Structure formats: structure tokens, C-alpha cells
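These notes are about the structure you will find just below.
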Amino acid sequence: MPLVDMYRALDSERRKVIVGQRWTFDLLLVALLTDGHVLLEGVPGVAKTLMARTLATTLRADFKRVQFTPDLMPSDVIGTNVFDLASSTFSLRRGPVFTSIMLGDEINRAPAKTQSALLEAMEERQVTIDGVSHPLPDLFMVIATQNPIEYEGTYPLPEAQLDRFLFKVLVDYPTHEEGLQVLRNYQAGFSPRRLTGIEPVAGPDDLRSARHEIAAIKVADPLIDYIQRIVDESRRSPDLSLGGSPRAAIALLNASKTLAALQGREYVVPDDIKLLVPPVMRHRVILKPEAEIEGLNADRALERIMARVEVPR
């Protein structure tokens, strides 16, 4: 199935269960096709879990959810070796990380040791248990969530771990009309626990084919230069104490190719890059204290940066 047709079919299935949030769902798909991970930030009840389950269902992908808590141990995520008394041998009990799409709910509630257990999985696509490495599936993505309001009893993710996420996506409240539609859907019998109204439209083979299609997307040299100039400008921005790293530039390049492919184009345009700068970079930059006092946030600082960088014609 061509990628653009797969995208349209996925979007059609999404609309059956998710009201609004199209850009958020699109970013989840872009991340999956770009072999990246996503950090969703939003208050409880804005369909973060529903979006992850819908994506997995429509792609026939294995899905597991882990509720992160302060007493969660690394072995609860990656698994452990269990001794069998009958055979006097150890056997591997795989943790929920051995899946295609893993939802880590409230990831910042787990202590640093458990958070770090995900680092190897996210970066190397493998986990190490008792000194033995175990590969994860080819199709593997972590979707982590965190609450932007309640920080009591949480462990903020360090910059090194934030940098492993391709996107940080801000999930906002629905509009009035969207809220009305959500209520009508529930009144009509919709239940997020039973996604019986949607059908799988693609599978692992389709995703592998799509990734080959994305690899062939053309990026003109002026646009590659545009990406690098945006990242360079972030490093000398008067609003930021930390700018984008080379990994940020690579993420912006690869995600732009995926977004172009979803639109049915064989080449990247400047708007692809501009749309993706906030989700790619908002968690990779750090505001200066004086900028925060002025009321700036990361997105506003990135807007200022893009305004100073000339767009290729």
C-alpha cells in the first residue's frame, strides 16, 4: 500500500474514535515511521492513552501500557530471569518493553533508575538483563506521558533522556465543538476500553515498505542548510542557555522527510521543517532565567529563532 493511501486510511479510522487532535496523531505516526519516540505532555483526560491504543490497533501492532510509579523497579519494565525449581534453570520473564508500541504513563513519577532502564531500549533497541543483551522488535516505539501541572512526587527527566525523544508534543484541551462531539459519542455508547469501531489498515510489512519510501525522499541542499542554520541560531539565541544538538538537526531532517511522504510528495519543502521545529526542539532547549521572567516559553523562543533565519526560496 502506498504511504499516502495508508495515511488517509489511518486518518479515517482515527476519526471514528478520536475527536480532533489530528496533528498530535499525525506526529505519533511520523515518529513511528521515523523510528523515534514521543513524549506527550497534557493534563489527564485528553485522550493520550486512547491515541496510543488507536495507533497500535490500526497498525496491527502489539501494545502494552505501564503505569509509572515511585516504587516501579527496572525489572518491572525490562523483565528479569526467574529460577525454575523443577528444572533448576533460569528462564527469562520478558517485561512490557518487549512490544511494538509501549505507553509509559506518567513517566516522570518513576525514579531515575527505572527511567534509565528505558534509555538502552530507546536508543539501542535492546535491553540487557544479567549481562545478556536481548533485541527488541524492529517495530518499536515508546510513547511516554507526563502531567504539566502536578509535579509533587515526580522525578523530572534529565536532558540526556529527553533528547532520546524525537518529539515532545503538547496535548491541549478540545475546543467547545470538539468537547460536544466527545459527549455525543459517549452518549451514543462509545467506550475507550473497547475499540470495536475501528479496523486495522496496515501491518508491519506495510510500515517497513513505508520506511523505504521515506528514505528516498529528496531534500535539497538549501533546505539542509536551512535546518542547520535554525539549529545554529538556537545555540546563539539570547533567550536560550542551551540550543539544539546535532541530534536535533538529524531529527528535524528525518522527520521532515516523513512528513513530506505522508503528504504524497517526493521532496521536502520549507513548511515541513517549520511545522516540525517546535515538537522536535522544545524539549531540547533550555530557557535563560531572564527569558522565563519575561514570560517566554520554549515555543515562543523557537518562533523568534525561525523569524531570524531566512527561508530558502
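Residue 313, in our numbering, is where the sequence shown stops; the numbers in between run on with no holes.
All C-beta atoms in this analysis are idealised placements derived from N, C-alpha and C, irrespective of residue type, glycine included.
None of the values given here were measured: they were computed from a predicted structure.
Query: For a test of the three-state rule: what should DSSP assign to H283, helix, strand or coil?; Result: coil
Query: Leaving out five residues on either side along the sequence, give the residues of the same chain with a beta carbon under 7 Å from the beta carbon of A47.; Result: I18 and Q21
Query: Give the list of continuous alpha helix (DSSP H) stretches no shorter than 4 residues that lie fully inside the segment 196-245.; Result: 204-215 and 221-235
Query: By DSSP, does T154 sit in helix, in strand, or in coil?; Result: coil
Query: Identify the continuous alpha helix (DSSP H) that holds Q181 and give its terminal residues.; Result: H176 to Q187
Query: Considering only residues of the same chain and omitting the five flanking positions on each side of R65, which have a CB-CB separation below 6 Å?; Result: L103
Query: Need the endpoints of the beta strand (DSSP E) that I143 sits in, please.; Result: M141 to Q146
Query: In this structure, what does DSSP give as the bridge partners for N81?; Result: L92
Query: Under DSSP, the alpha helix (DSSP H) around L136 begins and ends at which residues?; Result: Counting along the chain, L136 falls outside any alpha helix (DSSP H), and DSSP gives it neither H nor E.
Query: Going by DSSP, what residue range makes up the beta strand (DSSP E) through T114?; Result: Counting along the chain, T114 falls outside any beta strand (DSSP E), though it belongs to the alpha helix (DSSP H) covering A112 to E124.
Query: Check T49 in the structure and name its three-state DSSP category.; Result: helix
Query: Does DSSP classify M306 as helix, strand or coil?; Result: helix
Query: In this structure, what does DSSP give as the bridge partners for V38?; Result: I143 and F167
Query: When you compare only the Cα positions, how much space is there between T258 and R235?; Result: 26 Å
Query: Secondary structure at L275, three-state DSSP: helix, strand or coil?; Result: helix
Query: Who are the near neighbours of D62 in its chain, counting only those whose CB is closer than 6 Å to its CB and skipping five residues on each side?; Result: T99 and S100
Query: Beta-carbon within less than 8 Å of E213's beta-carbon, same chain only, minus the 5 sequence neighbours each way: which residues are those?; Result: P2, L3 and A261
Query: Please determine, among M51, P312 and L287, the residue with the shortest C-alpha to C-alpha distance to K274.; Result: P312
Query: Determine the DSSP secondary structure at F190, reduced to helix, strand or coil.; Result: coil
Query: Note down, in chain order, each residue of its chain lying with its Cβ closer than 7 Å to the Cβ of P96, except the 5 sequence neighbours on either side.; Result: K64, V66, V77 and M102
Query: Going along the chain, which residues of its own chain have a beta-carbon closer than 7 Å to the beta-carbon of D299, five neighbours each way excluded?; Result: P278 and R282
Query: My understanding is that V319 touches L118, with C-beta atoms under 8 Å, so please give their C-beta distance in whole angstroms.; Result: Nothing can be reported for residue 319, as the shown portion of the chain is limited to 1 through 313.
Query: So what's V311 in DSSP terms, helix, strand or just coil?; Result: coil
Query: Since V66 is in the beta strand (DSSP E), which residue starts that stretch and which ends it?; Result: F63 to Q67
Query: Along the chain, where does the beta strand (DSSP E) containing L103 start, and where does it finish?; Result: I101 to D105
Query: Contact between the segment 31-39 and the segment 157-177: three or more CB pairs below 8 Å?; Result: yes
Query: Run the CB neighbour count on D272, radius 10 Å, all protein chains shown included, and call it buried at 16 or more, exposed below.; Result: buried
Query: Kindly list the residues whose CB is nearer than 6 Å to the CB of S237, restricted to its own chain and excluding five residues on each side of it in sequence; keep chain order.; Result: I305
Query: Counting pairs of beta carbons, one from the segment 41-60 and one from the segment 195-202, are three or more of them closer than 8 Å?; Result: yes
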